[in-house]
Each structure stands twice: as structure tokens, then as C-alpha cells.
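Q: The structure follows.
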Amino acid sequence: AAGRLATSRGAAERRSGCEVLLHGSISGTRALGRELGLPSSVRADSHQLVVSAYRKWGDRFPGHVLGEYAAFIRDPESGSAVLTHDALGMAPVFYAAADETLAFSTEILDLLDQSRARDIDQEFLADFLTTGQISSARTPYRGIKRLLPGTAIVRAGGRITSRPTWRLSDVPPLSCPESDYHERFRELLAEAVRESVHPTGPTWVSLSGGLDSSSIACMAAARGISLGALSFVNPSQPEIDERRWMRAVLDRYPSPWHP
2 AAGRLATSRG AAERRSGCEV LLHGSISGTR ALGRELGLPS SVRADSHQLV VSAYRKWGDR
62 FPGHVLGEYA AFIRDPESGS AVLTHDALGM APVFYAAADE TLAFSTEILD LLDQSRARDI
122 DQEFLADFLT TGQISSARTP YRGIKRLLPG TAIVRAGGRI TSRPTWRLSD VPPLSCPESD
182 YHERFRELLA EAVRESVHPT GPTWVSLSGG LDSSSIACMA AARGISLGAL SFVNPSQPEI
242 DERRWMRAVL DRYPSPWHP
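Numbering (the numbering used here) for the sequence shown: 2 to 260.
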């Protein structure tokens, strides 16, 4: 289905000799392009960035590519394929492996027609009912696994294996005077907002009235970035109607608003 990794093979994009399926979005594309040595005059699309990162860092590229995405790369040159996602696992990926076959999707329901996929995993249910959390690769179905953060599934030489792509310990600690953390956070937020703006078309912010979206909208407006605001409201339930918080942002920084 459109928007999912579990698409027909014809939906794959071809870049630099690889076939790639990409779901989600890549952040910091300008900085990533510079790190990959791509010409600054050429704005590479997300598929090209992912393939270029794969060519440089192999299956550990999620540690270098920021965003919220899931990706499948088939490399005919090496005869291998990689199924992975962003380092924090923000984009979910589910897979069912049998012999040399790997079925995958960002939606677990897409995999229920796979062999043994409908068998219930009793241990998963016991863990979930006991703790209320999901802390392993198990899912409600024995034949389907969840791709954990910081991991990739690699198919090479007729074998399917799981490999680490990123660990929190890989990130160097940030050390600066106490008073500088606040300003550094603002710099990172401003950079993230700037990198997310479409270079030619309009950019929208999903303004919910919450702290996250309000901070993004205000940060963009304060730096002269033009955004349109899109909000979902429910007037029939006034107890959850947060338009007053949305208007507080728009009163400070007027923008086109589409509730």
C-alpha cells in the first residue's frame, strides 16, 4: 500500500545501482550532503542520500543519518540487502523471515498472511500483561518480529542476520558550562527547524497547542521562516479543545491557520 515499506517491487527507487524503499523523512539533509561529499549545487533527494550513506558506512549508516524513517536497500553488486530504520527506532519495522525469504512492513497487519504469522506468542502476551511495556523483538505473533532500535536485518550469502547499527555509547558526551546548555539547545532546535523547511514549496507545522509544536512554530517565525499552521480541533468536546493555546502562538506570530 502507498506510504508503506511493504510495496510492490516496482515502487522501489533506483539510485547509484541500488534499489531502495524509503518510508518517512530524513533530517539535516544539507549537513548530511556535505558529510557525504555531494556537490553543494545539487540537492540530493532522500533516496540518494540514504544510498550514498549506505555506500560510505554500510549497514551502520543509521548512526549518521538523522530523521524518522524506515529503509530497505537491495544492492545487486554485492548480492546483499539491508532492512533498517532510524537509530532511535522512531519508525517501526516488522519482519517475518523464513529460509532465504524476508517479508517486511511498517504495519504489522500486512504480514499476517505469512507462514506461522498468525500463531499467538504467549510469552509476549505474558510479558506485556505483566509490565505493560514492549521491551523485546517479540510481537503478538510468533512468526513476526519487531526491528529493535539500533539494529538492521541483513541478507547476504543466503543468510539473514541481525546486526547492530548504533549505540548510545557511540555519541560523544557534550560538555560545556552550565549556562551554555540552554543556548546550545536553542541552536540545535533552530538548526532542526531550518533543515526541515522545504526549499521551494510551502512548509506546514501541525500546531496542536502543545509545547513541542508551539516551540517549532515560534522558533520558525522568530527567524523569519514562513509557515502555515494546520490544526485538528474537536468543538464537540470542549474539555479537549486547545484552540486557546494555538491562538496564543498565532497572536504572537501571525501565520495562515487552517483549523
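All C-beta atoms, glycine included, are put in the ideal place defined by N, C-alpha and C. These numbers were taken from a predicted model, which means no experiment stands behind them.
1. Are Leu67 and Leu84 close, meaning C-beta to C-beta below 9 Å?
2. According to DSSP, is Leu113 part of a helix, a strand, or is it coil?
3. Using a Cβ-Cβ cutoff of less than 8 Å, which residues in the same chain neighbour Glu124 once the five nearest sequence positions on both sides are dropped?
4. Whose CA, out of Ser47, Ser232 and Trp58, lies closest to the CA of His199?
5. Using only CA atoms, which one of Gln134, Ala12 and His86 lies nearest to Ser163?
6. Measuring only the C-alpha atoms, how far is Val194 from Asp120?
7. One question on the structure: do Trp167 and Arg253 come within less than 9 Å of each other, judged by their Cβ atoms?
8. Per the DSSP calculation, Lys57 is bridged to which residue(s)?
9. Could you tell me which uninterrupted alpha helix (DSSP H) segments, each at least 4 residues in length, are contained entirely in the stretch 146 to 232, listed from first to last along the chain?
10. Which of the three DSSP states, helix, strand or coil, is assigned to Val21?
11. In angstroms, rounded to a whole number, what distance separates the CA positions of Ala32 and Ser197?
12. Using only the alpha-carbon positions, how far apart do His259 and Gln238 sit?
13. What number of angstroms, rounded off, separates the C-alpha of Cys19 from the C-alpha of Ser79?
A: In short, the structure shows the following:
1. no
2. coil
3. Arg139
4. Ser47
5. His86
6. One Cα belongs to Val194, the other to Asp120, and the distance between them is close to 44 Å.
7. Annotated as distal: Trp167 and Arg253, with beta-carbon spacing of 9 Å or more.
8. Paired residues: none, contrary to the question.
9. Annotation note: the stretch 146 to 232 contains the following uninterrupted alpha helix (DSSP H) runs of length 4 or greater, listed N- to C-terminal: 181 to 197 and 212 to 223.
10. strand
11. 12 Å
12. 19 Å
13. Taking the straight line joining both Cα atoms gives about 10 Å.
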